[in-house]
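Protein chains in written order, with our numbering: chain A, 38 to 164; chain B, 4 to 147.
Notes follow once the structure below has been shown.
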Amino acid sequence: MSYQNESLGLSLSPKLKESFNTCAVWARIIAIISFVSSGISLFASLAKGSFLSAIITAAISVFINIYLLNFGRRVKTALDSTNQEDFNEGLHDLNLYFKVYGIIMIIAIVLLLLGMLIFGAVIMNNI
Amino acid sequence: MENVLQDDSMLELQIDGSASNSLENGSWWAKFIAIVFIIVLALAAIGISFAMSKGSLEEFDYRYNFQLSSVIWIIFAFVLLIAGAIVMLLFSFATKTSRAVRELDQSLLESGIGSLKIYLIVTGVCAIIGLLLTLLGLASRSNL
């Protein structure tokens with residue numbers, strides 16, 4: 038469903054503002070922690086020798102959480118400076134965060150099912 | 004006076020068409036993610052109850068002369084409970100927000116964004132605890 042750029046009767050009440058403000062703070066905290074965790078897992082994987090899988094995992098984590106960081110940053114700026122454009126872009130980043138998360142989840146499920154099919158086929162051939 | 008009020012409202016942030024669109028699309032994906040996680044958690048709970056009934060961890064009790072299996076089951080149950088609460092908060096955000104945008108319901112939107120707020124706080128606290136445990140693990144491993 039698409040809407041035009043006009044007020045729809047929903048306003049940013051003080052309660053909603055407070056909720057968005059807390060969301061913005063915690064979104065940034067989560068994003069920064071996931072960046073640090075990705076760095077640590079990359080560092081730890083150097084010793085184990087499983088560098089490739091750690092790079093892929095860290096890249097996916099950073100890619101997803103950049104949107105969460107942008108959501109937090111833009112919504113906080115929008116609330117502080119009453120900037121509607123920043124607020125809309127912040128919500129767009131939240132939308133992209135969930136969208137990318139969901140798409141990566143679909144890819145993971147497809148790969149898992151494919152893996153199970155291949156594993157099943159190998160076992161059936163061996164019997 | 005009316006004009007002044009109108010000008011004031013123009014300076015306030017609003018949930019306009021673009022914001023509503025983002026909230027509705029985002030909540031659709033959030034609902035999808037929540038449903039997938041609910042299925043995964045349900046499967047995990049079934050798997051854990053099956054393993055419990057088989058007594059899979061009882062060998063630890065003999066090895067360490069301690070009811071370690073009970074402690075591990077309690078930790079499993081606690082993690083499942085926290086994960087379940089997080090997923091339900093995400094599901095609550097998704098359903099309430101999409102309905103609020105469709106029906107232009109202000110109180111439902113406040114409740115939905117409130118759920119997102121608690122979801123982010125709980126996830127953030129879990130992420131901080133996870134990071135601290137990882138650092139502790141790395142530190143103890145480097146000491147060994």
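No residue lacks a Cβ here, since even glycine has one placed at the ideal position from N, Cα and C.
Residue i touches chain A at which residues, Cβ-Cβ below 8 Å?
i, result
"B:S3", "Residue 3 of chain B lies beyond the residue range present for chain B, which begins at 4 and ends at 147; the question has no answer from this structure."
"B:W32", "N132, F135, K136, Y138 and G139"
Hey, how far is the Cα of residue i from the Cα of residue j?
i, j, result
"B:T98", "B:E106", "12 Å"
"B:S30", "B:T137", "32 Å"
"A:S87", "A:I77", "13 Å"
"B:I132", "B:L84", "16 Å"
"A:F135", "A:I164", "43 Å"
"A:L49", "A:F108", "17 Å"
"B:K120", "A:L128", "14 Å"
"A:Y157", "A:L149", "One detail in the question is off: residue 157 of chain A reads as Gly in this sequence, not Tyr. The straight-line gap from Cα to Cα measures roughly 12 Å."
"B:K57", "B:A47", "15 Å"
"B:S72", "B:F79", "10 Å"
"A:Q121", "B:L16", "6 Å"
"B:W32", "B:S23", "14 Å"
"A:T119", "A:K54", "11 Å"
"B:C129", "B:A142", "20 Å"
"A:V73", "A:I155", "36 Å"
"B:W76", "B:L139", "23 Å"
"B:T100", "B:V82", "27 Å"
Are the beta-carbon atoms belonging to residue i and residue j less than 8 Å from one another?
i, j, result
"A:N102", "A:A81", "no"
"B:R102", "B:L93", "no"
"A:F57", "B:I116", "yes"
"B:L18", "A:L47", "The residue you asked about is not Leu; residue 18 of chain B is Ile in the sequence shown. It is a contact, given that the beta carbons lie within the stated cut-off."
"B:L26", "B:V104", "yes"
"A:G152", "B:F35", "no"
"B:E113", "A:K52", "yes"
"B:N146", "A:N132", "no"
Take residue i and list the residues in its own chain whose beta-carbon comes closer than 7 Å to its own, dropping the five residues that flank it on each side.
i, result
"A:S98", "S71 and S75"
"B:A37", "V90, L93, F94 and A97"
"A:L105", "A64, I67, A68 and Y134"
"A:I93", "none"
"B:Y122", "I89, L92, L93 and F96"
"A:A95", "S75, S78 and L79"
"A:E126", "R111"
"B:M55", "W76"
Following a CB-centred definition, is residue i positioned closer than 7 Å to any heavy atom of the ligand GTP?
i, result
"B:S25", "Inclusion of the ligand GTP in the displayed structure is not the case, the ligand content being empty and no account of it being possible."
Going along chain B in order, which residues have a C-beta closer than 9 Å to the C-beta of residue i?
i, result
"A:I155", "Within chain B, no residue comes near A:I155; the closest Cβ sits about 20 Å away, beyond 9 Å."
"A:A115", "L16"
"A:I77", "L134, T137, L138 and L141"
"A:S74", "A130, G133, L134 and T137"
Can you check DSSP and say which residues form a bridge with residue i?
i, result
"B:Q17", "A:S48"
Going by beta carbon distance, what residues of the same chain come within less than 8 Å of residue i, once the five residues before and after it are set aside?
i, result
"A:F100", "V137"
"B:S108", "A small correction: the amino acid at residue 108 of chain B is Asp; Ser does not occupy that position in the sequence shown. So the list reads R102, once near-sequence residues are dropped."
"B:V125", "I85, A88, I89 and L92"
Name the chain A residues that come within less than 9 Å of residue i, Cβ to Cβ?
i, result
"B:E113", "S50, K52, L53 and S56"
"B:G29", "L128, H129, L131, N132, L133, Y134, F135 and K136"
"B:Q109", "G46, L47, S48, S50 and L53"
"B:V39", "G139, M142, I143 and I146"
"B:I36", "F135, Y138, G139 and M142"
So which residues of chain A does residue i contact, with C-beta pairs closer than 7 Å?
i, result
"B:K120", "S56, T59 and C60"
"B:G117", "S56"
"B:A22", "F124, N125 and L128"
Kindly list, in the order they appear in chain B, the residues whose Cβ is closer than 7 Å to that of residue i.
i, result
"A:S82", "Per Cβ cutoff of 7 Å: no residues; A:S82 is ~12 Å from chain B at best."
"A:I67", "L123, T126, G127 and A130"
Residues of chain B with CB under 8 Å from residue i, in chain order?
i, result
"A:S71", "A130"
"A:A64", "L123"
"A:S90", "Near A:S90 there are no residues of chain B at all, since even the closest Cβ is about 17 Å away, more than 8 Å."
Can you list, in chain order, the residues of its chain whose CB lies under 6 Å from that of residue i, leaving out five sequence neighbours each side?
i, result
"A:A61", "G109, V112 and K113"
"B:I51", "F79"
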